[in-house]
Amino acid sequence: MSNEQTAIKTTYFSIIGNTSLALIKGLAGVFGNSYALIADAIESTTDIFSSVLVLLGLKYAKKPADDNHPYGHGKIEPLITFIVVAFLVTSATIIGYESIEHIQTPHKTPKPWTLIVLGAIIIWKEISFQIVIRKSRETHSSSLKADAWHHRSDAITSVMAFIGISIALIFGEGYETADDWAALLASGFILYNSYLIFRPALGEIMDEHLYDDLILEIREKSLEVPGILATEKCYIRKSGMRYHVDLHAMVNSNITVKEGHDLSHKLKDYLHSEITNLGNISIHIEPNDCSLDSCKHIIP
1 MSNEQTAIKT TYFSIIGNTS LALIKGLAGV FGNSYALIAD AIESTTDIFS
51 SVLVLLGLKY AKKPADDNHP YGHGKIEPLI TFIVVAFLVT SATIIGYESI
101 EHIQTPHKTP KPWTLIVLGA IIIWKEISFQ IVIRKSRETH SSSLKADAWH
151 HRSDAITSVM AFIGISIALI FGEGYETADD WAALLASGFI LYNSYLIFRP
201 ALGEIMDEHL YDDLILEIRE KSLEVPGILA TEKCYIRKSG MRYHVDLHAM
251 VNSNITVKEG HDLSHKLKDY LHSEITNLGN ISIHIEPNDC SLDSCKHIIP
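Numbering-wise (the UniProt record's numbering), the sequence shown opens with residue 1 and increments by one.
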């Protein structure tokens, strides 16, 4: 299964899970007198739409390169991530506003059984986060990472609700708004997580220098190709789940143009075979007269 197929399959898992939890939380919140649970349901509802957007984005990013998009359609991924972040910020704002409104309005103490519902939700959302974040690392998908953090923010909201309801039940009259304060605190966590998701996606759009480990691996693998004396410049830009590489490779200056051309193709094919998720690789051949031993460590 390709990275794209894995990411799409994982997104279906998120959509089904978020839909189920939104219904459970909404019903439990209404019948259990807990606004924190209702706030949770609101976030899960936005999670459904954001997961659908992630799914559409992944399917679009999967389209092959064409004349108008020679590097493929992967840049849609960070753009979708921005939209997902907007959903997170919107849901956090709604939760925060409604929490303040409920704090100022007297209401009943939440039902004790809502803690059981919340406990199950927390466990499930953390499991969901671990599954999706692992798949995002495997596929190098920024939008899938954002989707994973939706699960984690949902778990955080549920933990805050659990704490708030527990306080309201333990201390009784006068502490009915504890779960509302918990929902307000959770909205702050969601906003903070939104920034953590937004920043890497912005770096991806701006082609920031973010891939030192991959660059080091490319340099090391390049030296395994006979005839490559060293590497100089190495730039990487990410598009979707693929990394496009611009690499300067040093070769003996006495070889012919054809030999240098053939060597660049050998290097390109070798890098593709050894390192997954590399997209377009542009090799610039640099002539050099030094020996292999004295050249191989020239890495500016």
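Idealized CB from N, CA, C, for every residue including glycine.
None of the values given here were measured: they were computed from a predicted structure.
Boundaries (first-last residue) of the beta strand (DSSP E) holding residue i
i, result
"ALA230", "230–239"
Reduced DSSP secondary structure (H/G/I, E/B, other) of residue i
i, result
"ASP67", "coil"
"ASN3", "helix"
"TYR12", "helix"
"HIS248", "strand"
"TYR60", "helix"
"TYR270", "helix"
"ILE299", "Here the model assigns ILE299 a pLDDT of 47, short of 50, so the residue's position is not dependable and the matter cannot be decided."
"TYR211", "coil"
"TYR243", "strand"
"HIS73", "coil"
"GLY164", "helix"
"ASP110", "This sequence places Pro at residue 110; Asp is not what is there. PRO110: coil per DSSP, three-state reduction."
"HIS140", "coil"
First through last residue of the alpha helix (DSSP H) which encompasses residue i
i, result
"ASN288", "Segment 278–288 is the beta strand (DSSP E) holding ASN288; no alpha helix (DSSP H) there."
"VAL225", "No alpha helix (DSSP H) holds VAL225; DSSP gives it neither H nor E."
"ILE197", "178–205"
Exposure label - residue i; buried when at least 16 CB within 10 Å
i, result
"THR11", "buried"
"ILE121", "buried"
"LYS108", "exposed"
"VAL257", "exposed"
"TYR97", "exposed"
"GLU173", "exposed"
"LEU271", "buried"
"TRP181", "buried"
Reference residue i; option with closest CA among the options
i, options, result
"VAL30", "LEU58, LYS62, GLY57, THR114", "THR114"
"ALA230", "HIS272, HIS73, HIS284", "HIS284"
"LYS266", "ASN254, ASN277, SER253, SER282", "SER282"
"SER153", "ASN3, ALA186, LYS25", "ALA186"
"SER20", "SER142, ILE42, SER2", "ILE42"
"THR46", "ILE83, LEU27, TYR97", "ILE83"
"VAL251", "HIS272, GLU274, PRO226, TYR270", "PRO226"
"GLN104", "GLY119, ILE163, ALA86, THR177", "THR177"
Cut-off 6 Å between Cβ atoms - residues of its own chain near residue i, not counting five sequence neighbours on either side
i, result
"ASP293", "Reliability fails at ASP293, whose pLDDT of 49 lies under 50, so the model's placement of it is uncertain and the value that follows must be treated cautiously. None."
"PRO287", "SER253"
"ILE133", "ALA148"
"SER264", "ILE283, ILE285"
"ALA92", "SER187, ILE190, LEU191"
"ALA146", "THR81, VAL84, ILE197"
"TYR211", "ILE236"
Own chain partners of residue i with C-beta closer than 7 Å, once the 5 adjacent residues on each side are dropped
i, result
"ILE215", "CYS234, ILE236"
"LYS135", "THR6, ALA7, THR10, LEU144"
"GLU77", "GLY57, ALA61, SER141, SER142, SER143, GLY240"
"PHE129", "ALA148, HIS151, ARG152, ALA155"
"LYS59", "ILE8"
8 Å Cβ shell around residue i - same chain, five flanking residues per side excluded
i, result
"VAL52", "ILE15"
"GLY72", "ALA61, LYS63, PRO64, ALA65, SER239, GLY240, ARG242, GLY279"
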